[in-house]
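S.K.:
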Amino acid sequence: MLVAAALGSLAGARAPPWMAWLLGFRRSLVVSVTVSALSYLVVAAVPWWPLVALMPAATGAGVVLWNVCTVSLRQRPAPPGMLGRVTSGYRVAAWGTPPLGVPLGGALAKEAGPDATWAAAGLLLGCLPLLRRMASTPSEPAGKHAAAAKTDDRMEC
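In full-length UniProt numbering, the protein residues as written are 1 to 157.
(1) When you compare the segment 113 to 120 with the segment 38 to 48, are there three or more beta-carbon pairs, one atom per stretch, that lie closer than 8 Å?
(2) Can you list the alpha helix (DSSP H) stretches of 4 or more residues lying completely in the segment 50 to 96, in chain order?
(3) Please confirm whether A15 has its beta-carbon closer than 8 Å to some beta-carbon of chain B.
(4) The alpha helix (DSSP H) that contains R27, what's its start and end?
(5) Kindly list the residues whose CB is nearer than 7 Å to the CB of C69, restricted to its own chain and excluding five residues on each side of it in sequence; keep chain order.
(6) Is R133 a contact residue of the ligand GTP, with contact defined as CB to any heavy atom under 7 Å?
(7) Once DSSP output is grouped into helix, strand and coil, what is the label at M1?
(8) Which whole-angstrom value describes the C-beta separation of A121 and L41, a residue pair presumed to lie in contact below a C-beta threshold of 8 Å?
(9) Look at the Cβ atom of A4, then the Cβ atom of L83, and state whether they are nearer than 8 Å.
(10) Helix, strand or coil for A121, going by three-state DSSP, please let me know.
(11) If you compare alpha carbons, which of R74, A94 and A57 is closest to G8?
(12) For A109 and L124, I'd like the C-alpha separation in whole angstroms.
(13) Can you tell me whether S32 is buried or exposed? The criterion is at least 16 other CB atoms within 10 Å of its CB, across all chains shown.
Structural data, given as C-alpha cells:
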C-alpha cells in the first residue's frame, strides 16, 4: 500500500500545472479533496483487498495536487523578503499540529471502529464548503514586480 501511495504521488506530481491552468486553483483543490475522500469511501464501501491496496495511489495523487497548489497560493502574494518567514510559519502549523491530530484521529477511529473510513471521508467532504470562500487565484505578488504578474485564473502551479 505504501508503494501504491508513492506511485500515485509520482503520477499525481505531473497533474498540478495543467490542472491549475485548466481549472484554476480553487477547483483543483476541490478535486484533490474529493479524490481523497472518494478513495476513503471506496475502501469503506468495497473492502476487497486489491481495490483497497490501490486506493492510497488515488489519495497520494490528491495530496500532491493539494500540496503543489497550496504552496503556489501561499508563495505568490508573499513579498520576496518575507517568503522564508511565510514558509516557516506554514511549516510550524503544518508539522506542529499532527501531535494534536494523531490522538484525535485515534479517538475517532476507536469510537467509529470499522466505520472510521466513512468518518474520515465525511470530514474531508465537510471541508469542501470552506474552499468556496477561497479566491481562485493568488493575490498579486508584492513589490516592484507586481505589475508584471499574471492574474489569469489559469496559472501554473
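Just so you know, even glycine gets a beta-carbon here, dropped at the ideal spot from N, CA and C.
M.R.: Taking the definition as stated:
(1) With the cut-off at 8 Å, the segment 113 to 120 and the segment 38 to 48 touch.
(2) 83 to 96
(3) In the structure shown, chain B cannot be found, because there is only a single protein chain.
(4) Position 27 of the sequence shown, counted from the start, is the residue given in the question as residue 27. Membership of R27 in the alpha helix (DSSP H) is indicated by the continuous run F25 to A45.
(5) Along the sequence shown, read from residue 1 onward, the residue named residue 69 stands at position 69. Closer than 7 Å at the Cβ level, and outside the excluded window around C69, lie P16, A20, F25, S28, L29 and C157.
(6) With respect to small molecules bound, the structure shown includes none, and the ligand GTP cannot be examined in it.
(7) On the sequence shown, residue 1 is found 1 positions in, with the first residue counted as 1. Of the three classes helix, strand and coil, the one that applies to M1 here is coil, per DSSP.
(8) Numbered from 1 along the sequence shown, position 121 holds the residue referred to as residue 121. Numbered from 1 along the sequence shown, position 41 holds the residue referred to as residue 41. The pair is a contact, with the Cβ atoms about 5 Å apart (cut-off 8 Å).
(9) One-based indexing of the sequence shown puts residue 4 at position 4. One-based indexing of the sequence shown puts residue 83 at position 83. No.
(10) For the purposes of this step, residue 121 is taken as the residue at position 121 of the sequence shown. Look at A121 here: in three-state DSSP terms it is helix.
(11) Here residue 8 refers to the residue found at position 8 of the sequence shown. Residue A57 is the option with its Cα nearest to G8.
(12) Numbered from 1 along the sequence shown, position 109 holds the residue referred to as residue 109. Numbered from 1 along the sequence shown, position 124 holds the residue referred to as residue 124. Computed Cα separation, rounded: 15 Å.
(13) Along the sequence shown, one-based indexing puts residue 32 at 32. By the neighbour-count rule (16 or more Cβ atoms within 10 Å), S32 is buried.
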